[in-house]
Structures are given as structure tokens and as C-alpha cells.
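Residue numbers (the working numbering): 3 to 153.
From the three backbone atoms N, C-alpha and C, an ideal C-beta is built for every residue, glycine too.
In what follows, a single structure is set out as C-alpha cells and then discussed.
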């Protein structure tokens, strides 16, 4: 079973997907690399303990912190997962690999930026967002193809 969208104007569709894919990469870069904050913290901070930050946020009870960090990190990579599925012509494994490498790259870059936290929880949440994006792309493709068959 093929998971790509059959369309009459394939060139236009591919161009739109490529544009959206590029915009999702710019969006990720703008939120992970460029918002440099100046503070008196050390040069870098790192958390390599899985779920440590997530559990701290959940126990703090601050809905704003939970939404900003947990849902923000998840949603951040959802468009990348969605559009990379189409860039890789329905290959979900390549799309997920790109999402994983993308989040590892973003977190690694944050190691050298001042006042940024490199956190394994961000990698987990970003990858989850990419995975959700791939699942949404698969569902979207099935829906569009079923509508085209019925018309």
C-alpha cells in the first residue's frame, strides 16, 4: 500500500510541500537556536536524565510551564514530521530519522549557546512531535486518497 497523495498537479503539490518543509525548519531554528538570552548562568547547562525536566514541570503544577515546555516542544517538531513524510515520498522511517537527527542537532547547538539548556527531555518531546506529524501525514494521505477514489 502506497502512502503518497495522488494528485493531478504533482509539480505544484511538491513545490508547496517543499516550501512548507523549509518553513518548518526555519521555525524550529528560530525557536531553538536564535532566541539567545543573556543571563548570569554558566556557559551551558545540560540534562541527560530522561524525564527529569518533565517530572519537575508536572510536579510544579504551573500550567503555563507545562504548556510552554511539554506541549511547545512536542508541537515544535510536528510540522517537520508531517512535511518530511511527503518529502521522503511516504517513507515514514526516513521522516522519523530526520526528526530525530534534527532534534539532536538543535540540542547539540544549544550546548554552545549562552543561557540555553540542552535537555534529553527536549529530544524525547521533539521526536514525539515529529512522530505525531508523521502519523497525521499518513492519516491525511489516506483520507485524501479515499476521497479521490470516491469521486
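Can you tell me where the beta strand (DSSP E) with residue i in it begins and where it stops?
| i | result |
| --- | --- |
| residue 72 | Here residue 72 belongs to no beta strand (DSSP E), and DSSP marks it neither H nor E. |
| residue 119 | 119-121 |
Taking only three categories from DSSP, how would you classify residue i?
| i | result |
| --- | --- |
| residue 50 | coil |
| residue 116 | coil |
| residue 91 | coil |
| residue 140 | helix |
| residue 63 | coil |
| residue 23 | helix |
| residue 129 | helix |
| residue 84 | helix |
| residue 29 | helix |
| residue 79 | coil |
| residue 42 | Its pLDDT being 45, under 50, residue 42 is placed unreliably by the model, and the measurement read from it follows with that caveat. Reduced to three states, the DSSP call for residue 42 is coil. |
Check for me: the alpha helix (DSSP H) holding residue i runs from which residue to which?
| i | result |
| --- | --- |
| residue 35 | Unbroken run through residue 35: none, as it is neither H nor E. |
If I'm right that residue i touches residue j with Cβ under 8 Å, what's the distance once you round it to whole angstroms?
| i | j | result |
| --- | --- | --- |
| residue 123 | residue 54 | 7 Å |
| residue 1 | residue 94 | Residue numbering for the chain in the displayed model covers 3 to 153; residue 1 lies beyond these limits and cannot be assessed. |
| residue 82 | residue 30 | 6 Å |
| residue 33 | residue 100 | 18 Å between Cβ atoms; not a contact. |
| residue 113 | residue 48 | 7 Å |
| residue 56 | residue 72 | 6 Å |
| residue 23 | residue 107 | Actually they are not in contact, since the Cβ atoms of residue 23 and residue 107 sit about 16 Å apart, beyond 8 Å. |
request  = Count the C-beta pairs between the stretch 144-153 and the stretch 114-123 that are closer than 8 Å, then say yes if the count reaches three, no if not.
outcome  = no
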